[in-house]
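Following: one structure in structure tokens, then a few remarks.
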Ligand SMILES: Cc1ncc(COP(=O)(O)O)c(C=O)c1O
Ligand SMILES: Cc1ncc(COP(=O)(O)O)c(C=O)c1O
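Protein chains in written order, with our numbering: chain A, 101 to 576; chain B, 101 to 576; chain C, 18 to 503; chain D, 18 to 503.
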């Protein structure tokens, strides 16, 4: 199959107009020695065949659509109302590109203006761009913006060790040519040494603040953090004040669903708020396409990256929307641009807009509350099982840590194989001190029955003979 | 969940304007003794819960999406290009109703005009309506139209015994109040007594013609018939001539996919051509919604039932389309209408239009040829297995009959359970003489590998101990 | 501006699909059977898609805006229902698969049968009919057979009020029965005196009465119990046209009132989309006395082994359709019902009725409303007859509404109201939408006086201008000529 | 006419979704943490859907019509790709699931990596970058690290032709390197003499050259092998911007020509939809020398047990993104590639190039085409400079094209061509469409002389009139005020 309408007859007529004998002639500029290489590709399939092949591949996966899922760690299974994908499938939206021609792109533009507005509402900030590639690159772009706000004179960046490990990795990648000092990540021990987080003392935040100095461009924390801990607005405001005292930017990476319930970073001193917008209407889809959202102070907009939609009027004075402040961007400013970003995650931003509008203030609060209550119910239940300890004795939203009596990978293998469940995240992957610790995530998509079954399963596993699985896991 | 936007505050304002105190007051005309009955219904579910419940129900089914399927008998698994459902999901199409207001319904109207045109092209007829409920009711409406063409003076209807048994049943149901004589169905013996159909002699058609008389309003045959037999244009024309000789209508019910390859009824004397349009773009969906298509001579249009779209111009002389000849219909003519049909299968007609346009002349021919070759390959292969006899020694399209060494239901049970296959149709359900005969259907959706596996399975079954299954089948 | 016909963009050799190569040895094609022409269009996928996208843009649906088409219950169609019907475990089932392999689908149908029976107050339900009119045919044939089985061969008359939908008399004729029309009274009810007289005249020949309630004037008959009683006393049965069920969900159960048989329009009341004219589904509920006459198969649970099975009622009128009903539509209706529950359904009708009364109140005084003094149910019938605008007709008002971005109401029906504008807002419309619509109608009434030509030449903001329906019927063009041998 | 903002149709208490009741005992909420305001809109599902349907109707996509946006390869997006990405077995996979539970998805990624490597002539491919610019960053960081690993700490200069897309210089800066611009010659090639001089000047400090080929003028550089050779001889690496790969599928493999690293824009060449600005996918291919520097994880098959596993290359520059790439986009690209095969891909480029040359031929003589004497590749750059129409600019011509039902080309890029109109028809457009577009442009050229105001005030047939971009940038309104505390 190909999607070329023209027939041999059409091509013959066209060649005549072009004034050449054959299509091959059009490629005379291509070095002859390399022209028309044979490609070794699998033979072309027809549509029914490709669908069959794809279904066969899909069937080789165990998908959370059919399984209970307690895995989060930066990608979340929240409910996506049917309207979201229904609207995304409108050709006029998904087959358009960047709205360079605003007169025939008001659909995209207005939807994105509304997206910006709702992101502001959610984060408590004054401005938002349309998107970054994901939560990780949004965090990296926040660092770069902070460096620019610091006019290149500040070259120290403080990262909380409980910022998502992959986000930290991406920040390192992005900034490797910039000659920065990146501090803070070794403070993980402090984070883990505070068993009494409930008391409201956050030793980690204190320790991070201790790293601040006049060289510091920014400090990034995640709230709730990667370990699930929720810092109170008071704790965060205290940190913000210390960040601002040295003239640095306070960047907060946040789970947008948590903002249905909790005080947003805009209310506790954040200068930049970023995060992963996937839970708002994008499918899990093995990690992408996701949505990096990015909110900021109005004063900083001209130093930011990415597309921004602004309101204006047309020649008849009617309200309309356009891309604005393009002079920040690569196509105008080239090597002086605030970023190289061009294509972004516009359709995921549309999904998030539809999601936020569909949920509205009450729906999003309900989603957040359901997640909160169910996660706490699960933590209670699992905490009572002999052999398991819930070490999250701090306020948390929907994720908590369980110390397990067996390797996490092994438990997950059994959960999948015998109970049809996707277990939690193995924190030992990122934090050597947390070997044997599982980060469990519970959302409104987990019924009480599922949670009860998880608890039962975890209990049964302690008495099982797991030899059969051990081999597989060590090979894995 | 409900889909009511108004809030209590809205309702309060509205009640004031209406001039009543409460919504309950609006129902004072309802007899008080019966007003507001408690309904015992399952509790309301939210959207995520209902999706979970539906998935659970769907998972209790064994669907041909995941299985090889050799079942046809009036509902066919042909390929549906992705574009079909993509277009059907356009809100403007599927949330509209009958295009009573043509100025804002040109989409539906033009698409249906094109549908009519393509149905004419396919069947070789001059006119088409927009749809009937399905192939069975279209056949019944053909009988009623024939009666009307006969001005109520002809009251005999001849049905081929190899017209789909359910179509014959529906004709009986529809006409039970009309005092008709329905003849022909007992001729099944003749159909089965002709082993050498390849010679081109069709004793059944002869026998049916023998029933014709001046009382006959119409004669209906199916081609290819329910047993899969394909009658040649010459045979059919001969029959048509004899039907016309007594002034009756010749009605042909036809598989539209077969018309990608074979001479259409319009070329061999049919007066009315009907059939089941499901294979053209509608999913199997357990039997509905399907599409009764209905084509006829231009001269008979005013006696036909159902919606018809006609071309016209607007006030500026531009081409446009409207529903026309409504004076035949129930909303104008009431008890004198040609039928009571109102809502029909308009969206399925749209699906068929998209399907026909997507396939085009070459695509439809390819689908038909693939089905033909694969079915014949399968018949060859199965005919060679000891214990099985292919009794279709006549020309056939995609369905053929196999005499089996075991009860068909038993074989099907084993095919499903051990081989993950949906077997053929048990002709013993409808024709006592055909106990132990299976009608197998092969289309372009069956790969050679599937066919080979079917043949292997059938062979293995002859040597299997089937006791375990016998119990289940007899209970079934 | 106009979109060309698909044939007009056809070019030889193009095709929008790809198909597998033949992987089996070919068999010679039967001689004399193969066609040598097939005048279908030839287009590439991109042109196909653009063609239909553009056509769709020339259409107005419920998702476009307010669609107060009276009697059609154009409520919002929830999108989860669309997702539901497309679950492969439903959408790809073959109707003739063994029962054991479709227990989930049968379970859904059984529960839908039971929910509908409960909502209507009936003993049994069939899901087979494909639309309301198809349900009517089913019901009337059952009534006929019921009498025949009791030896009452003389019963061949059906009483049908003059306000009835056209399908009622048409169904009656199609069933081989005779229609006798019953007039309406000044309050929009069935004229009781006339009914008594007709029953006195036709009593022993009566099959029964076909009654729409609320009726097509949007009114709940004030003498309903008496009417039903009169028919029953004469040995007749009462058929309920349930097209207007959206007014009475959880408000009253027709079975409780004495209706013997009733069809539900699932595509109206239970919000399965109208599809540009269909498909719908016209389930039929019946009292215990008629249950054995239902067309089949319907779903029953086996008492022996708990399996769900197809079941043919013993005195069935037969099948009315191949297979079992418009299953894809049933999945949507099931989804809708499961999301509502008893309270949700009552809220639907309460709000549908409140919305209609609110609109009626807002238009009263400007547009004549023959029974505007009464509380209406889910809809009401106004008239396009305006003071000081003698040349203006309902048609003009309807077309002008298009310019304001609304779909016009049903017009010129019911036939008993001259210049009828039959307005059904449904419960899924907000007060703001109703207000905007009322404001438009009031403004149009002013325009009718001040600038009548604006109405007469409307619509001005539609993809085409007013279309010539007379020409269409006179100079029949039903097919692109080259496609039908022209 | 205009659609209100979603906030403007909000009413307190409405909601478009339903959620389950809480089925567990509640836990007290943490003190001092709960927000007391959340200014999100409140709308019902019907109003939500209508809002977005109406917004969509104000948009123009490839499915609406011809979209010759140069450099963006707006080809038709096959609908099967959309179905593919939505298969639950792909769409619902969690990225952190155990590898054993996602073997099908890993298999798809592995095969896509291999197909892309084959098409580009590279040793290895990463699928992680989310877009073309992201792929550039990936590639340039790899080039940088490659030199560093060899101890060449002084290498910090990247040569970038003046015709390059803005992302190339922007990426270079972002990577901590310095841009040195290379001019183009009169035939639209890289100016060889200038290149030689720059290399002579910066040789030891050279990281390499970023080259788009075919370049943004739509031309295949006539000295390509020599250019690559010059850079290599100076110890530099050559980066290929593969955004224009649609011209060379099966025509030539950049890896064969000596490119060391190249990004593919899957959303252009392999037809994943552009989504109103994204998501895309910017896979990167590299020669064997750079393979160990790829960002990871990428997919590898374990030699031990045949299992597919995530693999981090030993000298990796690190992750460029969380997880593994825009998987949903990769599924679409995979589907597209599997349906084409080698022959199909070559046909894509042949037709893309033929279509561009045909359009160029049709416009030649009326619109100046700076390199119109050359054979172009998949696109060409004309100028909106018309004889006898001095007041008319490219902007006016673009806006007037809207009135003819077309999406305008890319305008004012590349920067080296004044009043540029960069036209890329792609292979999925028919001759008729190209003719209609050429006819429109020719007619507009006449209008420019005869009725210039028609152009200057265009568009006339769009949902809005020409928009004031200056006002937007001056009086910044980026948010509905009440939503951001205003
Ligand atoms: C009152 C009434 N009865 C019957 C019908 C017929 O229903 P259907 O169109 O589903 O056949 C309608 C449909 O408009 C109706 O409004
Ligand atoms: C030549 C060229 N290079 C790079 C890019 C950047 O690609 P993306 O938008 O995917 O980041 C583009 C996109 O328009 C382009 O045309």
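Yeah, the Cβ is synthetic: ideal placement off N, Cα and C, and Gly gets one too. Quantities reported herein were computed from a predicted structural model and do not represent experimental measurements.
C-beta neighbour in chain C for residue i, strict 7 angstroms
i	result
residue 191 of chain A	yes
residue 413 of chain B	yes
residue 296 of chain B	Residue confidence for residue 296 of chain B is low, a pLDDT of 49 falling below 50, so the modelled location carries little weight; the figure read from the coordinates is stated next. With 7 angstroms as the cut-off, residue 296 of chain B does not count as an interface residue toward chain C.
Buried/exposed call for residue i, threshold 16 Cβ in 10 Å
i	result
residue 115 of chain D	buried
residue 140 of chain B	exposed
residue 275 of chain C	buried
residue 147 of chain A	buried
residue 329 of chain A	buried
Start and end residues, beta strand (DSSP E) containing residue i
i	result
residue 151 of chain A	Unbroken run through residue 151 of chain A is the alpha helix (DSSP H), 147-159; no beta strand (DSSP E).
residue 323 of chain A	316-323
residue 374 of chain A	372-376
is_contact[residue i, chain B] using C-beta, thresh 7 angstroms
i	result
residue 70 of chain D	yes
residue 105 of chain A	no
residue 114 of chain C	yes
residue 73 of chain D	no
residue 289 of chain C	no
residue 179 of chain A	yes
residue 35 of chain D	yes
Limits of the alpha helix (DSSP H) - the one that residue i falls within
i	result
residue 363 of chain D	344-380
residue 108 of chain B	108-118
residue 285 of chain D	283-286
residue 283 of chain B	Per DSSP, residue 283 of chain B belongs to no alpha helix (DSSP H); it is in the beta strand (DSSP E), 281-283.
Amino acids of chain A, ordered along the chain, whose beta-carbon sits closer than 7 angstroms to that of residue i
i	result
residue 232 of chain D	Ordered by position in chain A, no residue passes the 7 angstroms Cβ test against residue 232 of chain D, which lies about 11 angstroms from the chain.
Partners in chain B for residue i, counting only beta-carbon separations shorter than 9 angstroms
i	result
residue 122 of chain C	157, 158, 160, 161, 386
Proximity test, Cβ basis, 7 angstroms: residue i and chain A
i	result
residue 172 of chain D	no
Short CB-CB distance (under 7 angstroms) between residue i and chain D
i	result
residue 80 of chain C	yes
Contact set between residue i and chain D, taken where Cβ atoms lie within less than 8 angstroms
i	result
residue 151 of chain A	97, 100, 101
Per-residue contacts from residue i into chain D (C-beta, under 7 angstroms)
i	result
residue 587 of chain B	Residue numbering for chain B in the displayed model covers 101 to 576; residue 587 of chain B lies beyond these limits and cannot be assessed.
With 8 angstroms as the C-beta to C-beta threshold (strictly closer), list the residues of the stretch 85-104 of chain D near chain C in chain order.
For the stretch 85-104 of chain D, the residues whose beta carbon sits under 8 angstroms from a beta carbon of chain C are, in order, 93, 95, 96.
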